[in-house]
Each structure stands twice: as C-alpha cells, then as structure tokens.
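The structure appears right after this line, and notes come after that.
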Ligand SMILES: CC(C)(COP(=O)(O)OP(=O)(O)OC[C@H]1O[C@@H](n2cnc3c(N)ncnc32)[C@H](O)[C@@H]1OP(=O)(O)O)[C@@H](O)C(=O)NCCC(=O)NCCS
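Residue numbers (full-length UniProt numbering): 1 to 232.
Right under this line is the structure:
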C-alpha cells in the first residue's frame, strides 16, 4: 500500500521524501536520540544513501515495512515511526522523536496512529517492540499503549560501540475476526469537506474496501473505536 498518510490530532505520519534529508539529521544524526536505537549515529552522506533506500523500499510490493516521517502541525519533520512486518501477521513497532520535541506526547500519538493502522488496515494480530533496559521513557510509553513484557534478549544489539540487551514487549489484537463490528473512518477528497463514515465489517481491510466502494479514493484511515479506546 503506497502512499500512506495517517492523521492524528497534532501529528501526521507520511511517506519520506528526498527533501527530508536535512530535517531527518535532527533524529538519526543526534547522538542523544540514537543512543537508545539499534543503529549507529549517521553522518549526512550515510543518511542521504539510507533515505534514498527508504524511499525506494516504500514502493516495493509487498512492502516489508511502513517507515513513515512524523510531522507536526507546521509540517516540520519531528521524528519517525516504523511498523516492520513479520510472519504470522505480526508487526514490529519502532519510533524516535527529535530531542527538542521530547515530552510533548508526540511519540504517544505517533505510536497510537501506527498501531491503529497496523491492527485495522494491515489486519495484524500482534505488534511487538524491543527496547533497551535503560530506556525507561520508552518502557513507560509501551506500558501506556497497553504493551506487556515478554522477556529479555541478552546481547541483542551491537550499536554505537557497545552490546546491549533488549526488553521485549507485545500487544495482541483483541479484535475477533468473525463478528461484524462498526468501523469509523475519514475520507478526504481534494476540494471537498472531510467526510466521516461508519461501516459494519469483520475486519479493518473489509471495512476499508466497503468504504472505498461507497466513497472512492481519498480514504485516510479506518478504525474500530473499541480497539482504539482499549489501546489509549
Ligand atoms: C522514547 C521517545 C521516542 C519518547 O518520545 P516523546 O515524544 O518524548 O514521548 P511522549 O512525549 O509521548 O512521552 C514522554 C513523556 O511525556 C509525557 N507527556 C507530555 N505531554 C504529553 C501529552 N500531551 N500527551 C501524552 N504524554 C505527554 C508523557 O506522559 C511521558 O511521561 P513519562 O515519561 O513520565 O511516562 C524519545 O525519547 C526518543 O526519541 N528517544 C530516542 C529514541 C528511542 O529511544 N526510541 C525508542 C526505542 S525503543
């Protein structure tokens, strides 16, 4: 599925573009941010290469992951969120916010959007996440989102000159697939006011297909309110 845009109250998650290079350096080029991630801090040339690969990867079919830029109300890139796709309809969540925007609730909002997208649109049954034992901010964030701990992998990551353990977390999709449920969503068609719709369906993709039949192109997101509430 390309391109993907996820819209929340304050943030938008969208596909990366070539002109994101400078802004993305505030995330992947900042030691303070990358210290708790699973890759080394990047210089501009390395990031230029990686960004090109990320943009190309987004158009491969099937997509191996949804790696999206997080932008604020002014359109400024403030971080990234990623949903990697694994076997048996599992997803792996990752995120980072540039240092100057920490503590504003941005990662909470971006991760919530990504999980709703994973469960309703991608129809995932489980989302997992891994984070460093010292990354207490991320651990509290995962707990707030409803994740529970699954254990620890020793020497899981070698990055920024050191080996690091990881704590594993997961969040199951509680949605049953058999009974039809009510999905709500948003359609934005250029030049027209935004439309909110409700459809009854057995899964996120089915709801999306029904909405596409009814409204055509321009669907931004479709979600089940009960699932969204449970994860808040
Ligand atoms: C971990 C990280 C993504 C958190 O990002 P963030 O945007 O600061 O996270 P949030 O603002 O959503 O939550 C952080 C705190 O702000 C609080 N907060 C402030 N305003 C808030 C708001 N409006 N809504 C929700 N929470 C808010 C949260 O309650 C939370 O408090 P807590 O740490 O006491 O639980 C960020 O520190 C980061 O990028 N670190 C480096 C990369 C990294 O570690 N990524 C995760 C790898 S597992």
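Glycine residues also receive a C-beta, built at the ideal position from the N, C-alpha and C atoms.
Since the model is a prediction, treat every value here as computed from it, not as a measurement.
Through-space distance from residue j to residue i, alpha-carbon basis
i: residue 223; j: residue 166; result: 31 Å
i: residue 155; j: residue 58; result: 30 Å
i: residue 211; j: residue 124; result: 20 Å
i: residue 11; j: residue 164; result: 31 Å
i: residue 160; j: residue 8; result: 33 Å
i: residue 93; j: residue 148; result: 14 Å
i: residue 233; j: residue 113; result: Residue 233 is absent from the model: the chain starts at 1 and stops at 232.
Check: residue i C-beta below 7 Å from any heavy atom of ligand 1
i: residue 44; result: no
i: residue 148; result: no
i: residue 33; result: yes
i: residue 158; result: no
i: residue 71; result: no
i: residue 170; result: no
i: residue 104; result: yes
i: residue 11; result: no
Buried or exposed (CB count within 10 angstroms, at least 16 for buried), residue i
i: residue 158; result: exposed
i: residue 39; result: exposed
i: residue 44; result: exposed
Ligand 3 heavy atom lying under 7 Å from the CB of residue i
i: residue 97; result: This structure simply doesn't include ligand 3; it includes ligand 1 instead.
For the pair the region 15 to 25 and the region 134 to 151, tell me if three or more CB-CB distances fall below 8 Å.
At 8 Å Cβ cutoff, the stretches do not touch.
What are the complete alpha helix (DSSP H) segments, minimum 4 residues, inside the UniProt domain "N-acetyltransferase" (11 to 170)?
Taken in chain order, the complete alpha helix (DSSP H) segments of 4 residues or longer contained in the UniProt domain "N-acetyltransferase" (11 to 170) are 21 to 28, 31 to 34, 44 to 57, 106 to 116, 136 to 144.
Using 8 Å as the threshold, is the region 61 to 78 in touch with the region 16 to 31, meaning 3 or more CB pairs across them?
Contact holds between the region 61 to 78 and the region 16 to 31, because three or more Cβ pairs, one in each stretch, are under 8 Å apart.
Does the region 201 to 211 come close enough to the region 183 to 190 that 3 or more CB-CB pairs lie under 8 Å?
At 8 Å Cβ cutoff, the stretches touch.
Using 8 Å as the threshold, is the region 187 to 200 in touch with the region 210 to 220, meaning 3 or more CB pairs across them?
Verdict: yes, contact present.
Just to confirm the assignment: which complete alpha helix (DSSP H) runs, minimum length 4, are found wholly within the region 189 to 227?
If one requires a minimum length of 4 residues, the alpha helix (DSSP H) runs lying completely within the region 189 to 227 are 204 to 215, in chain order.
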